[in-house]
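K.L.:
In this note's numbering, the protein residues as written are 31 to 589. In this text, a Cβ means the ideal position worked out from N, Cα and C, and glycines have one as well.
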């Protein structure tokens, strides 16, 4: 037997063993910290059952609370001047849905946005917000017939981290409307409310993408429906398209600063780009800046923070369904809906602050000879493709590496010569549905997809060469995604009519502290949280074994 093959086969089985034993992060954490309701007692909420909860008290003895269940918990402060809540759990590695579609709090008829308060210094830390675009009855079939879970109204919903709905809003499972600026409710458009975002002061900013109800609104953190929910951007001279004097139909919002220093960023489907002569739709893809401060009904014109004008005039963001997030380094990531991701019109792109062209885009690179399934790797899967189609007249997808329309030994030679090659930096996000979330501490992006591809998890620790490291399974259209502080992923869908929460599994300890900080330890990379299906592993191994008797002297690698 070829000695190279022996080593390769050994390494392949070793890699399999490593994948099966790898450990990534788990998900429980302490949220919703309350030190005022019952003086001398700290109340908190666990988002998930925990194997172990330990209270480290400075100035007093530690409290070992042991295994605790999901939901509200508490402990006495005692003589402590400070404390840490350490929550630990070990579970199997792999994305697992931890919510139930049959719970009332998971049922939404047409959810359009989800956001989590990830500020550990806030009493709303861990709060879940969902925007419901249209009212309707949510029915599910648990086996044996359709069951009405609940009927929702359009508006905003708030839940604690355990999905309980009475901690903050007192109305329990009801949509919140606000007293000002909504015309009584949100029924003018099924796309308003749309995406939502949490401000540094805990306010909830709401984007209105519906033409009949376009704009931006601000709600209090507890969604108090008796409080004012002011219109942030004035709707002066608004047209049927949604275009007003200083905005159009707003897809998404991002907020920085507080008080007089508050800055609102938006992406807008209609607002024309002054750099392109003020014509529609050339402003699509731009990130707009409004220095709103404390104003309501703000009438000032936006400035262009990121100008999508390369190639001129339309740039690379062409779809009206868009979302964006800001990285900790000040750069921006923009998502748009693409059924087929491409470099020229990418589902995801990275932009410098003030940029006029993307620094990086998702989409397919040039195909490597021998990479018949176009997955950026020349591997055993490609060998099996060639082997099945040898002797046929076929396309490159079926083994024609040299593009002569025949699958023959010449194609196998090209495959063999390129075996092991990988094109770095290629991330293909087919079906990306114009929604994106960021977790700065973990250097991760989540991009939801439309056509059953699920939620793409992308490592951006090297922003010049992002890597697709995992996929959260989700069979139906994803309308929005969010991370919580612990790395759980929240997914809304108007097809499954759900909010779903997914855990990557694994083992870690999270710590929520009295000084308003949050940390995690013993974390592994999310790349280890996806275990290939046994059938996929078998195919990969067969592809390796198919190398028997073939030479590897021509193998080269791509750095």
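Going by the DSSP bridge assignment, what does residue 523 pair with across the sheet?
P.N.:
Answer by DSSP bridge pairing, in chain order: 528.
K.L.:
Count the other CB atoms within 10 Å of the CB of residue 177; is the residue buried (16 or more) or exposed (fewer)?
P.N.:
Residue 177 is exposed by the Cβ-count criterion.
K.L.:
So what does residue 364 bridge to, in DSSP terms?
P.N.:
According to DSSP, residue 364 bridges with 354 and 379.
K.L.:
Taking the straight line between their C-alpha atoms, what separation do you get for residue 74 and residue 60?
P.N.:
Residue 74 and residue 60: Cα-Cα distance of roughly 6 Å.
K.L.:
What whole-angstrom Cβ distance do residue 138 and residue 522 have, given they're in contact under 8 Å?
P.N.:
Contact flag correct, Cβ pair sits at about 7 Å.
K.L.:
With a threshold of 7 Å on Cβ separation, who are the neighbours of residue 250 within its own chain once the five nearest residues in sequence on each side are excluded?
P.N.:
Answer for residue 250: 233 and 257, listed in chain order.
K.L.:
Opposite residue 474 in the DSSP bridges: which residues?
P.N.:
In the DSSP output, where bridge partners are listed per residue, residue 474 has 469 and 489.
K.L.:
Answer with buried or exposed for residue 392, where buried requires no fewer than 16 other C-beta atoms within 10 angstroms of its C-beta.
P.N.:
Per the 10 Å Cβ criterion, buried.
K.L.:
With DSSP as the reference, please indicate the residues paired to residue 463 in a beta bridge.
P.N.:
Per DSSP, 367.
K.L.:
For residue 512, which residues of its own chain have a beta-carbon under 6 Å away from its beta-carbon, when the five flanking residues on both sides are left out?
P.N.:
If we look at residue 512 and ignore the five residues flanking it on each side, its Cβ neighbours are 144, 145, 146, 467 and 520.
K.L.:
Would you call the CB atoms of residue 534 and residue 125 closer than 8 Å?
P.N.:
Yes, these two residues count as a Cβ contact at 8 Å.
K.L.:
To the nearest angstrom, how far is the alpha carbon of residue 590 from that of residue 440?
P.N.:
Residue 590 is absent from the structure shown; the chain starts at 31 and stops at 589.
K.L.:
Quick one: which unbroken alpha helix (DSSP H) runs of 4-plus residues sit fully inside the region 403-439? Chain order, please.
P.N.:
Runs of the alpha helix (DSSP H) inside the region 403-439: 410-419.
K.L.:
Report the rounded CA-to-CA distance for residue 429 versus residue 418, giving the unit in angstroms.
P.N.:
Answer to the nearest angstrom: the Cα atoms are 9 Å apart.
K.L.:
Of all the options 300, 389 and 514, which has the alpha carbon lying nearest to the alpha carbon of residue 549?
P.N.:
If we check each option's Cα against that of residue 549, 514 comes out closest.
K.L.:
Would you please state the rounded distance, in angstroms, between the beta carbons of residue 464 and residue 367? I believe it to be under 8 Å.
P.N.:
Their Cβ separation, rounded to whole angstroms, is 4 Å, which keeps residue 464 and residue 367 in contact under 8 Å.
K.L.:
Expressed to the nearest angstrom, what Euclidean distance is found between the alpha-carbon atoms of residue 361 and residue 493?
P.N.:
Distance between the alpha carbons of residue 361 and residue 493 is about 10 Å.
K.L.:
Straight-line CA distance for residue 395 to residue 405?
P.N.:
Computed Cα separation, rounded: 10 Å.
K.L.:
Measuring alpha carbon to alpha carbon, tell me which residue in 154, 326 and 388 is nearest residue 346.
P.N.:
For the residues 154, 326 and 388, the minimum Cα distance to residue 346 belongs to 388.
K.L.:
Please state the DSSP three-state secondary structure of residue 216.
P.N.:
Three-state DSSP puts residue 216 in coil, outside helix and strand.
K.L.:
Measuring straight from C-alpha to C-alpha, what distance separates residue 163 and residue 95?
P.N.:
For residue 163 and residue 95, the distance between alpha carbons rounds to 41 Å.
K.L.:
Can you tell me where the beta strand (DSSP E) with residue 536 in it begins and where it stops?
P.N.:
Its beta strand (DSSP E) spans residues 536-543.
K.L.:
Since residue 357 contacts residue 363 with CB under 8 Å, what's their CB separation in whole angstroms?
P.N.:
About 7 Å separates the two Cβ atoms, so the contact holds.
K.L.:
Which first and last residues belong to the beta strand (DSSP E) in which residue 97 is found?
P.N.:
Note, residue 97: beta strand (DSSP E), 93-98.
K.L.:
Taking the CB atoms as reference points, tell me whether residue 81 and residue 120 lie closer together than 8 Å.
P.N.:
Against a cut-off of 8 Å, the Cβ pair of residue 120 and residue 81 comes out as a contact.
K.L.:
For residue 299, does the three-state DSSP call read helix, strand or coil?
P.N.:
Looking at residue 299 - three-state DSSP - the assignment turns out to be coil, as it is neither helix nor strand.
K.L.:
Please name the residue or residues paired with residue 80 in a DSSP beta bridge.
P.N.:
The partner list for residue 80 (beta bridge, DSSP) reads 98.
K.L.:
In terms of residue numbering, what span does the beta strand (DSSP E) encompassing residue 142 cover?
P.N.:
It spans 141-146 - the beta strand (DSSP E) in which residue 142 sits, taken as one unbroken run.
K.L.:
Mapping DSSP to helix, strand and coil, what is residue 135?
P.N.:
If DSSP states are grouped into helix, strand and coil, residue 135 belongs with the helices.
K.L.:
Near residue 480, what residues of its chain come up, given a Cβ to Cβ distance below 6 Å and the 5 sequence neighbours on each side ignored?
P.N.:
Correct list, in chain order: 461, 463 and 507.
K.L.:
Check whether the Cβ atoms of residue 286 and residue 343 lie closer than 8 Å to each other.
P.N.:
It is not a contact, given that the beta carbons lie outside the stated cut-off.
K.L.:
According to DSSP, what are the bridge partners of residue 319?
P.N.:
DSSP, once it has assigned bridges, lists 295 and 333 as partnering residue 319.
K.L.:
I believe residue 245 touches residue 299 by the beta-carbon criterion, under 8 Å. Please report the beta-carbon distance rounded to the nearest angstrom.
P.N.:
Not quite, the Cβ-Cβ distance comes to about 12 Å (not below 8 Å), so this is no contact.
K.L.:
Would you call residue 200 buried or exposed, if buried means 16 or more other Cβ atoms sit within 10 Å of its Cβ?
P.N.:
Because the pLDDT of residue 200 is 48, which lies under 50, any placement of that residue in the model is unreliable, and the number read from its coordinates should be weighed accordingly. When all chains shown are included, residue 200 counts as exposed.
K.L.:
Verify whether the separation of the beta carbon atoms of residue 265 and residue 240 is less than 8 Å.
P.N.:
Not a contact, by the Cβ cut-off of 8 Å.
K.L.:
What first and last residue would you give for the beta strand (DSSP E) that runs through residue 592?
P.N.:
No answer is possible for residue 592: the residues shown for the chain start at 31 and end at 589.
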